[in-house]
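Line by line, the protein sequences give chains A and B. Each residue of the first sequence is one higher than the last, beginning at 1 in our numbering. Each residue of the second sequence is one higher than the last, beginning at 1001 in our numbering. No residue lacks a Cβ here, since even glycine has one placed at the ideal position from N, Cα and C. Data block below; observations after.
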Amino acid sequence: GAVVSQHPSWVICKSGTSVKIECRSLDFQATTMFWYRQFPKQSLMLMATSNEGSKATYEQGVEKDKFLINHASLTLSTLTVTSAHPEDSSFYICSANEPGMYGYTFGSGTRLTVV
Amino acid sequence: DAKTTQPTSMDCAEGRAANLPCNHSTISGNEYVYWYRQIHSQGPQYIIHGLKNNETNEMASLIITEDRKSSTLILPHATLRDTAVYYCIVRVENNFNKFYFGSGTKLNVKP
């Protein structure tokens, strides 16, 4: 079945720095990918839709200048958390849809800790 | 997409069937019912989906009421590894439609 790979699985960064998270569809092409954020003991919150070759669309309340999304190829989307602060510490998860298949495949997530 | 309501948590004895309910009383005729689960600190995993008919696969069965206002996910023989948060989502089938997650049901499978 479809596999979505995320890297890194966990990262610790200093406050004020930026960190990039990669999401790859390993055996299929994905024109659209989605990014979620999940705080402890809460549900997944959709942040943005990543569109190959065009700008990402962000959910209401998500700062597009803080969470930069780039979908430069049909198999790779990146999320960059800029000027990270401790409140950005969270579990970030991406997902993609394999054409012709129902539902989405999710990556294994990236645990970001900002210190 | 229609809103779903699920119990916050449920317990199930290992080896017994786990029946997880979901209410989606405002579901539209073209909306599918999807079930995903999330084991702690992992990405969600697809379980099953359906439109009108009951569905079964190697993981679970999905029972959808005739009026489609509710559904039940059945794990026939729960194991400790089935302990997870289970999410019921309704959504119009479209490659670009988003999945919005509700609060889900925390299933605790106990020895």
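Which of helix, strand or coil does DSSP assign to residue i?
| i | result |
| --- | --- |
| Pro-99/A | coil |
| Asp-27/A | coil |
| Asp-1011/B | strand |
| Glu-22/A | strand |
What residue from the options has the CA that sits closest to residue i's CA?
| i | options | result |
| --- | --- | --- |
| Glu-98/A | Ser-25/A, Val-114/A and Trp-10/A | Ser-25/A |
| Glu-1014/B | Arg-1081/B, Thr-1105/B and Asn-1097/B | Arg-1081/B |
| Leu-46/A | Leu-1107/B, Lys-1098/B and Ile-1064/B | Lys-1098/B |
| Met-1059/B | Thr-1105/B, Ser-1070/B, Arg-1037/B and Leu-1051/B | Arg-1037/B |
| Val-4/A | Ser-95/A, Thr-113/A and Tyr-102/A | Ser-95/A |
| Thr-1005/B | Tyr-1046/B, Tyr-1100/B and Leu-1051/B | Tyr-1100/B |
| Asp-88/A | Ala-48/A, Lys-14/A, Leu-74/A and Ala-72/A | Lys-14/A |
Tell me, please, whether the CB atom of residue i is closer than 8 Å to any CB atom in chain A?
| i | result |
| --- | --- |
| Glu-1031/B | no |
| Pro-1044/B | yes |
| Lys-1110/B | no |
| Tyr-1100/B | yes |
| Glu-1093/B | yes |
Any beta carbon from chain B within less than 8 Å of residue i's own beta carbon?
| i | result |
| --- | --- |
| Leu-118/A | Nothing can be reported for residue 118/A: it is not among the residues displayed for chain A, which extend from 1 to 115. |
| Thr-49/A | yes |
| Phe-106/A | yes |
| Ile-12/A | no |
| Tyr-58/A | no |
| Tyr-102/A | yes |
| Gly-53/A | no |
| Gly-109/A | yes |
Strictly below 7 Å CB to CB, what residues from chain A border residue i?
| i | result |
| --- | --- |
| Ser-1103/B | Ser-43 |
| Tyr-1086/B | Going along chain A, no residue has its Cβ under 7 Å from Tyr-1086/B, so there is no contact; the nearest lies around 12 Å. |
Identify the contact partners of residue i in chain A, using a Cβ-Cβ distance below 8 Å as the criterion.
| i | result |
| --- | --- |
| Glu-1058/B | None at all; the shortest Cβ gap to chain A is about 12 Å. |
| His-1049/B | Tyr-102 and Gly-103 |
Taking C-beta pairs closer than 8 Å, name the residues in chain B that residue i reaches, listed in chain order.
| i | result |
| --- | --- |
| Phe-34/A | Lys-1098 and Phe-1099 |
List, in order along the chain, the chain B residues whose C-beta lies closer than 9 Å to that of residue i?
| i | result |
| --- | --- |
| Leu-46/A | Lys-1098, Phe-1099, Tyr-1100 and Phe-1101 |
Taking Cβ-Cβ distances shorter than 7 Å, what residues in chain B pair up with residue i?
| i | result |
| --- | --- |
| Ala-93/A | The displayed chain sequence assigns Ile, not Ala, to residue 93/A. The answer, in chain order, is Gly-1043. |
Discussion item. What ranges does the beta strand (DSSP E) occupy inside the segment 1026-1097 of chain B, keeping only unbroken runs of at least 3 residues that lie completely in it?
Written reply: 1031-1038, 1045-1050, 1061-1064, 1070-1075 and 1084-1092
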